[in-house]
């Protein structure tokens with residue numbers, strides 16, 4: 001399968017700061033990247049879908065000004081959690097999709113803790 | 001909006017017993033995918049089903065897609081301890097809640 005990396009793997013920050021998470025597809029060009037958040041022992045909640053070179057499509061209830069997504073190239077997407085608060089603490093996972101198949105390849109995830 | 005329901009939430013079996021998890025959608029799906037997430041890990045793609053009534057097998061795993069393309073199941077025959085993890089279905093990008101499988105040796 002394809003390899004997807006995420007950086008950082010974990011981050012602890014103070015309330016009010018912004019945190020940027022990178023998602024990279026290492027061995028293929030991902031036309032579409034997805035961002036999820038997962039609370040402990042719960043399922044993955046799709047936050048947004050991003051296509052290279054265009055604005056991200058956010059799911060209902062996800063604030064686009066709060067969670068900024070940039071998909072600058074076919075191998076890199078970033079998620080910035082702006083003015084993070086303790087309720088934003090979660091596990092954020094990205095996934096990448098190949099163009100001709102809907103299979104998703106997941107990154108290892110980033111655990112965000114906001115104090 | 002579209003909902004994907006998955007049951008059961010938990011399943012504990014004795015090694016060698018069979019296991020099944022079910023997914024149901026409120027709307028017709030274009031495809032359904034199954035993923036496995038080991039404790040502490042990230043979801044790993046298992047399979048995708050796209051055709052009505054489709055059945056696919058991977059060794060001891062059997063995947064089915066309903067005729068109406070609204071439900072799906074994953075069946076594991078003779079579970080092993082390596083099968084431990086949470087199994088998620090995803091219908092058109094919407095994930096079910098997952099079924100956490102534990103296996104007693």
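Residue numbers (the working numbering), protein chains in the order written: chain A, 1 to 115; chain B, 1 to 105.
Beta carbons: idealized from backbone N, C-alpha and C, even for Gly.
Does DSSP classify residue i as helix, strand or coil?
i	result
residue 54 (chain B)	coil
residue 17 (chain B)	coil
residue 22 (chain A)	strand
residue 82 (chain B)	helix
Would you tell me roughly how many angstroms separate the C-alpha atoms of residue i and residue j, rounded to the nearest one?
i	j	result
residue 48 (chain A)	residue 63 (chain A)	10 angstroms
residue 94 (chain A)	residue 35 (chain A)	4 angstroms
residue 47 (chain B)	residue 103 (chain B)	22 angstroms
residue 4 (chain B)	residue 35 (chain B)	14 angstroms
residue 57 (chain B)	residue 14 (chain A)	48 angstroms
residue 65 (chain A)	residue 82 (chain A)	8 angstroms
residue 98 (chain B)	residue 85 (chain B)	10 angstroms
residue 88 (chain B)	residue 63 (chain B)	12 angstroms
According to the neighbour-count rule (16 or more other Cβ atoms, all chains shown, within 10 Å of its Cβ), is residue i buried or exposed?
i	result
residue 39 (chain A)	exposed
residue 25 (chain A)	buried
residue 43 (chain B)	buried
residue 72 (chain A)	exposed
residue 30 (chain B)	exposed
residue 107 (chain A)	buried
Please return the same chain residues whose Cβ sits closer than 6 angstroms to the Cβ of residue i, not counting the five positions on each side in sequence.
i	result
residue 53 (chain B)	67
residue 16 (chain B)	78
residue 7 (chain B)	22
Spatial neighbours of residue i within its chain, please: C-beta separation below 7 angstroms, excluding the five flanking residues on both sides.
i	result
residue 24 (chain B)	5, 70, 71
residue 57 (chain A)	48, 49
residue 59 (chain A)	46, 47, 48
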